[in-house]
Each structure stands twice: as structure tokens, then as C-alpha cells.
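Numbers given in the working numbering equal positions in the sequence shown, counted from 1, plus 6.
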Amino acid sequence: MQKTLAFFKILRNFSVSSINNQIKKETIKPSQNPNTKGPHPVAILAVLSIGVSAYVSLVRHRAKSSKEDMTVCFILGGPGSGKGTQCAKLVQDFGFVHMSAGDLLREEQQRSGSEYGELIQNCIKEGKIVPMEVTIGLLEKKMIESDSNRFLIDGFPRQLDQALAFEKEVVESTLIIYLECSEEVMLKRLLKRGETSGRIDDNTETIKKRFKTFLEHSYPVVEHYRKIPNKVHTISSEDSVEEVYAKVKPIFTELFKQK
């Protein structure tokens, strides 16, 4: 797993052109390229980690994607603030692709043969943050697989280094919705959800750890983006779903008028 995480770190240090050149080298047989003794270590790690097709897709996606045409919105808020619920309504009205960082991590944890399964499970159980190389890799893979240029990402970034890395290596965010909600209301919602969700993190002990993690690591992300004019839209999410959405929807209606 450490090699896989290292690969993602290495890959982000390569420009699109340098990786494209590497792909060309790797498609030449040794007899045609006498100056190389074998595949480059980066290419080997790529193939072992995400597969040949995913590696090539990643490079091609970065090369052809027009970042100016992409709309990427972070939906932030504490656990139980209603991020997923509001995202579902935005998907219906505006055609977004919704990516829940938490759902992607749980899917990866349950995937047979996943190198990250145990790591992700332990992080979720303890209310800790999964290494950003894993989360960013899963998010970008999902974006590559989609034909859309509109993305809602909820539950990410969970700390400032994740935000900076994603915006540097993938794409800058368009705007941030911060759903503000008291711990009392969020706890009540999560415990009710835990009655049927079967999620290992929907229990009082883990929920309180998640609140602590949010305040210490994730809320500073909101504060960072508030330094940028008109970047963060703070919405109270303690009201009903429809009342909250009545405040969220106009923000996106106005956004797409400008595009």
C-alpha cells in the first residue's frame, strides 16, 4: 500500500507532457528502444496500482480537459448537516454528478482485493481522515469515468492540504456551500440514521470523534476559502430539507446564468 500511495505522490510531480512521453516510451518494444533496459519505475507502479487503462485515461483526461469549462462545487458541513440530501436535489435540478468522498471510500473498503480496505475501515471507525492520496485518487477516477463537466463533491476536502492538493493537481473549485448546523441537531439526525444505516460510524462515540475532527481539521478549510470574495455561501441547515434547499437552489441558478 505504501508503494501505491507513493505512486500517487510521484504522479502529481509529472507534467502531462512528461507522462505522455513516458507512455510513448513504454509502448516501444525493448528492441526498438536500445537505450532503455525496461519499463520506467513510475509506469510499473502505475500499472500495478490502477491498471494500464486507468493510467492512460488519467493522462488523456488531464490533457484534453478544459478546466475553465468545469464546475466543481464543494459541499461542506459537519457530519449530519444534510450534505448528501441537498446534493441529491441539486443533481435532479442542475444535472450534476454527485461524488460523496465518504461513499467512495466505503465502496473502496468493501471492494474485494482493495489495498486500502483495512486502512479505510480503521480511519472510519476512529473518525480519522483517510490519507489524501487515496481520496483524491478515487475522486479523480470518478471524474475521469464521467462525461459530465459538473461535479458536486461532499465530505471533501476534510483538511486544508487536501483542498490545496486537489485544486493544484485536478481542478479549482467554483464555489463552496457550507451547511451550518449545531452539534445537537446533527447528533440527533445521525443517531436516527444509525437505526437503519448499518454504518459503523453512526454511533455516539464515533460521532463525537467526527465532530472533533471536523472542528479541528475541516472547519479551517471553510475559513481559508472565506478569504476569497463570494467563494463561500453559508446556509443554515437546521430547517426542513425543502426550507434549506429554497436557500441553496438560487445560488446555483445564478451561477449558471453567468456561465
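Positions of the beta carbon are idealized from the N, C-alpha and C atoms, including for glycine.
### Message
Assuming contact is defined by CB atoms lying nearer than 8 Å, are N227 and L82 in contact in what I supplied?
### Response
Counted from its first residue, the sequence shown places residue 227 at position 221. Counted from its first residue, the sequence shown places residue 82 at position 76. Contrary to the premise, residue 227 reads as Val rather than Asn in this sequence. Going by C-beta atoms, V227 is nearer than 8 Å to L82.
### Task
Determine the burial state of Q92: buried for a count of at least 16 other Cβ atoms within 10 Å of its Cβ, exposed for fewer.
Here residue 92 refers to the residue found at position 86 when the sequence shown is read from its first residue. Counting Cβ neighbours within 10 Å, Q92 comes out buried, since at least 16 surround it.
### Message
If you reduce the DSSP assignment to three classes, tell me which class V78 lands in.
### Response
One-based indexing of the sequence shown puts residue 78 at position 72. The answer is strand: DSSP assigns V78 an E or B state.
### Query
Unbroken beta strand (DSSP E) runs of length 3 or more, entirely within the segment 189-262: which are they?
238-242
### Query
With respect to the alpha helix (DSSP H) encompassing I183, which residues constitute its N-terminal and C-terminal limits?
As a working mapping, residue 183 is identified with position 177 in the sequence shown. Per DSSP, I183 belongs to no alpha helix (DSSP H); it is in the beta strand (DSSP E), L181 to E186.
### Message
Tell me which residues share the same chain as F80 and place their Cβ nearer than 6 Å to its Cβ, disregarding the 5 neighbours each side in the sequence.
### Response
Numbered from 1 along the sequence shown, position 74 holds the residue referred to as residue 80. These residues qualify, in order along the chain: I159, S179 and I182.
#### Entry: Short CB-CB distance (under 8 Å) between M138 and chain C
Included in the structure is just one protein chain, with no chain C present.
### Task
Could you tell me which of L193, I126 and V254 sits nearest to L96, measuring between CA atoms?
In the sequence shown, counting from the first residue as 1, residue 96 sits at position 90. Residue V254 is the option with its Cα nearest to L96.
### Task
On the DSSP bridge assignment, give the partners of D160 in chain order.
Looking up residue 160 in the sequence shown gives position 154. The partner list for D160 (beta bridge, DSSP) reads I81 and S106.
### Query
Got a sec, what are the start and stop residues for the alpha helix (DSSP H) E124 sits in?
Counting from 1 along the sequence shown, the entry for residue 124 is found at position 118. That run of the alpha helix (DSSP H) goes G123 to E132.
### Message
Quick check: the Cα distance between T210 and Q264, rounded to an integer number of angstroms?
### Response
On the sequence shown, position 204 is the one that residue 210 refers to. On the sequence shown, position 258 is the one that residue 264 refers to. Cα to Cα, T210 sits roughly 43 Å from Q264.
### Helix, strand or coil at Q165 according to DSSP, with G and I counted as helix
As a working note, residue 165 is residue 159 in the sequence shown. In this structure, Q165 counts as coil in the three-state DSSP scheme.
### Query
In angstroms, rounded to a whole number, what distance separates the CA positions of L261 and S106?
Mapped onto the sequence shown, residue 261 falls at position 255. Mapped onto the sequence shown, residue 106 falls at position 100. Per the coordinates, the alpha-carbon of L261 lies some 22 Å from the alpha-carbon of S106.
### Task
Could you check which residue in P256, I234, P235 and K233 has the C-alpha nearest to that of I241?
For the purposes of this step, residue 241 is taken as residue 235 along the sequence shown, with counting starting at 1. For the options P256, I234, P235 and K233, the alpha carbon positioned closest to that of I241 is the one of P256.
### Nearest neighbour of H104, chosen from Y184, H223, T77 and K198 [CA to CA]
Sequence index remark: in the sequence shown, residue 104 carries index 98 (1-based). H104 has its Cα closest to that of T77, out of Y184, H223, T77 and K198.
### Query
Assuming T141 and Q116 make a contact with CB atoms under 8 Å, what is their CB distance in whole Å?
Within the sequence shown, residue 141 is the residue found at index 135, counting from 1. Within the sequence shown, residue 116 is the residue found at index 110, counting from 1. That pair is no contact at about 16 Å.
### Query
When we look at the beta-carbon of I126 and count the other beta-carbons within 10 Å, is it buried (16 or more) or exposed?
Against the sequence shown, residue 126 aligns to sequence position 120. Flag for I126 reads buried.
### Rounded straight-line distance, which links the Cα of I213 to that of G101
As a first step, residue 101 is located in the sequence shown; it is residue number 95 there, counting from the start. As a first step, residue 213 is located in the sequence shown; it is residue number 207 there, counting from the start. When rounded, the distance between both Cα atoms is 32 Å.
#### Entry: Span separating the alpha-carbon of I29 from that of S152
Against the sequence shown, residue 29 aligns to sequence position 23. Against the sequence shown, residue 152 aligns to sequence position 146. Only weak support exists for where I29 lies, its pLDDT of 43 falling under 50; the value from the coordinates is given anyway. Approximately 23 Å, taken between the alpha carbons.
### Query
Looking at I130 and D207, is the spacing between their C-beta atoms short of 8 Å?
What you label residue 207 is simply residue 201 of the sequence shown in a count that begins at 1. What you label residue 130 is simply residue 124 of the sequence shown in a count that begins at 1. Taking 8 Å as the cut-off, the beta carbon of D207 is found closer than this to the beta carbon of I130.
### Message
Just to confirm the assignment, what range does the alpha helix (DSSP H) spanning V99 have?
### Response
One-based indexing of the sequence shown puts residue 99 at position 93. Residue identity differs from the one stated: residue 99 is Asp in this sequence, not Val. Start and end: K89 to F100.
### Message
With a threshold of 7 Å on Cβ separation, who are the neighbours of S120 within its own chain once the five nearest residues in sequence on each side are excluded?
### Response
As a position in the sequence shown, residue 120 is number 114, starting the count at 1. Only E114 meet the Cβ criterion.
### Query
Could you give the residue range of the alpha helix (DSSP H) that holds I150?
For the purposes of this step, residue 150 is taken as residue 144 along the sequence shown, with counting starting at 1. Residues M138 to E151.
### Task
Spatial neighbours of G161 within its chain, please: CB distance less than 7 Å, with the 5 preceding and 5 following residues excluded, ordered by chain position.
As a first step, residue 161 must be located in the sequence shown, where it is residue number 155. Excluding positions up to five away in sequence, the list reads K89, S106, A107 and G108.
### Message
According to DSSP, simplified to helix, strand and coil, what is E113?
### Response
The sequence position of residue 113 within the sequence shown is 107, counting from 1. Of the three classes helix, strand and coil, the one that applies to E113 here is helix, per DSSP.
### Task
Using 10 angstroms around the beta-carbon of P235, count the other beta-carbons present and answer buried if the total reaches 16, otherwise exposed.
Taking the sequence shown and counting its residues from 1, one reaches residue 235 at position 229. P235 is exposed by the Cβ-count criterion.
### Message
Judging by CA-CA distance, which residue of K147, L111, I150 and R156 is the nearest neighbour of P137?
### Response
As a first step, residue 137 must be located in the sequence shown, where it is residue number 131. P137 has its Cα closest to that of L111, out of K147, L111, I150 and R156.
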